[in-house]
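If you count the sequence shown from 1, position 95 lands on 182 in the numbering used here, and the numbers rise without skipping. The structure appears below as structure tokens.
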Amino acid sequence: MTVADYGHPWNRLIPEFKFEERVELASWMARVMADAVSRDGIAMPDWVLPIPLGPNRLRERGYNQAWELARRVARRLGVASQANVLARLVDTPHQVGATREERHRNLAQALIVEPRWIEQVRGRRVALVDDVVTTGATVAAAARVLRQAGAAEVQAWMLARTPPPSTGHTA
């Protein structure tokens, strides 16, 4: 499920939220996302999980924007959320401007389900939350490791989708 295309106002608000420490935007964005989930009649998951950041990127930003969204969306929907079920083992290169193939290659071995969570993942329905989806490589890699750990269902809830590369706009 994607809330909107990455155009006005999202192409201004998401970078502010993500790169300019505008964490206060998370509440409004989470409300919009939760409303979209409810409106679309999406089956509620057991858990809402963020796409993880690598350790260096987390240090640079000071927060994971996907977690800021995920926990607020989960609270609005009355669903549990967990911050650290997934981990990014390596800081992958920034995906902005990368081709589909480069994105998939960058993420091939980057994500895992933390060993202490594997038993709890088994049989659960989870929703992955992130701010922007371009090729789907990150969410596909996360979904793959969750399914390998035994997740019963993996949904993807994204705030915005970038337009096809032919338009020249990427996130």
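Note that CB positions come from ideal geometry on N, CA and C, so glycine has one too. Since the structure is predicted, the reported quantities are computational estimates derived from the model, not experimental observations.
- Item | Buried/exposed call for ASN151, threshold 16 Cβ in 10 Å | buried
- Message: Just to confirm, is the Cβ distance from LEU233 to VAL213 under 8 angstroms?
- Response: Pairing LEU233 with VAL213 gives a Cβ-Cβ distance under 8 angstroms.
- Item | Limits of the unbroken alpha helix (DSSP H) element including ALA224 | 224-235 is the span of the alpha helix (DSSP H), which, as asked, contains ALA224.
- When the distance is taken between beta carbons, is THR249 closer than 8 angstroms to TYR93? yes
- What distance in whole Å lies between the Cβ atoms of VAL208 and VAL172, which are believed to be in contact at a cut-off of 8 angstroms? 7 angstroms
- Going straight from the alpha carbon of LEU145 to that of PRO139, what length do you get? 9 angstroms
- Message: Can you look up VAL166 in the DSSP assignment and give me helix, strand or coil?
- Response: coil
- Would you kindly check if the distance between the Cβ of ALA113 and the Cβ of LEU164 is under 8 angstroms? no
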